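Accompanying notes for the structure given below.
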Amino acid sequence: MAQIANLPLRLSPYLSAEKIQSRVKELAREISPHFFPSSEPLIAVCVLKGSFMFYSDLIRELDGNIECEFLAVSSYSGMTSSGEVKVTLDLNRAIEGKNVLLVEDIVDTGLTMNFLIQWLKSRKPKNLKTVALLLKPDALKTKCDLDFVGFKIPNDFVVGYGLDYQGYYRNLPYIAQVQSFN
Ligand code: IMP
62 MAQIANLPLR LSPYLSAEKI QSRVKELARE ISPHFFPSSE PLIAVCVLKG
112 SFMFYSDLIR ELDGNIECEF LAVSSYSGMT SSGEVKVTLD LNRAIEGKNV
162 LLVEDIVDTG LTMNFLIQWL KSRKPKNLKT VALLLKPDAL KTKCDLDFVG
212 FKIPNDFVVG YGLDYQGYYR NLPYIAQVQS FN
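In terms of the working numbering, the sequence shown opens at residue 62 and continues consecutively.
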């Protein structure tokens, strides 16, 4: 269990709000042809809580019929992954035979994404794609089937734009690296 840090932490800006917004628009343009112009709806799944900001920006850029679904998982205590992923909020509907986009904030060890992909696949969607805003390639501990990635970043702890440290900093419109936890 990580120690409770003295807040505020020392942060250094890493990805500006403008840079994030422009990459989100690009991602939407990359993702759209995989689901639209088919008239079938897309079920966009937001992984709470970290993805909520990315998710809401991304779906507003996707031009098609979208159903919003939310799930929540717990796997982190402080800065380290416990490795054990638990679904704490389940989807509200069946996804069998449906087009599904899984929207994650960040892939670090890959354990959460990997778990969620298997978990969703077991529900037999017709077409499952995955997008993560951030990927830490050097932190991966497992193979992870990501279809779309916003930014590859170094193996440093980041906060903002939905990402938290002990519940704080989610409301920053940009992403910052934590310089020090003291
Ligand atoms: P993974 O299972 O190790 O890939 O971790 C995925 C989850 O850990 C993400 O959905 C985040 O909630 C959290 N996480 C991983 N790295 C960071 C970080 O740098 N900042 C904030 N949360 C993180």
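Beta carbons are placed, not taken as given, at the ideal position from N, Cα and C, and that holds for glycine. Nothing here was measured: the structure is a model prediction, and the numbers come from that model.
For residue i, the nearest candidate out of the options (CA to CA)
i      : options                        : result
Glu165 : Leu109, Leu76, Lys159, Tyr226  : Leu109
Ile81  : Leu70, Tyr222, Arg231, Asn243  : Tyr222
Gly111 : Arg121, Leu132, Asp206, Asp217 : Leu132
Glu91  : Gln240, Pro234, Gly211, Gly228 : Gly211
Tyr230 : Val220, Val239, Gln238         : Val220
Lys190 : Ile214, His95, Glu130          : His95
Leu207 : Ile167, Val192, Asn126         : Val192
Leu76  : Asn160, Arg84, Leu70           : Arg84
Rounded C-alpha distance that separates residue i from residue j
i      : j      : result
Leu103 : Asn243 : 44 Å
Ser117 : Leu88  : 13 Å
Ile120 : Ala105 : 8 Å
Asp124 : Leu162 : 14 Å
Endpoints, beta strand (DSSP E) assigned at residue i
i      : result
Ile236 : 236-241
Ile167 : 160-168
Thr191 : 188-196
Leu103 : 103-109
Phe176 : Here Phe176 belongs to no beta strand (DSSP E); instead the alpha helix (DSSP H) covers 172-182.
Residue range of the unbroken alpha helix (DSSP H) whose run includes residue i
i      : result
Arg118 : Note that residue 118 is Asp in the sequence shown here, rather than Arg. Asp118 -> alpha helix (DSSP H) spans 113-122.
Ser83  : 78-96
Leu233 : That residue, Leu233, is in no alpha helix (DSSP H); it is neither H nor E in DSSP.
Close Cβ partners of residue i (< 8 Å) along its chain, the five nearest in sequence each way excluded
i     : result
Pro98 : Gly125
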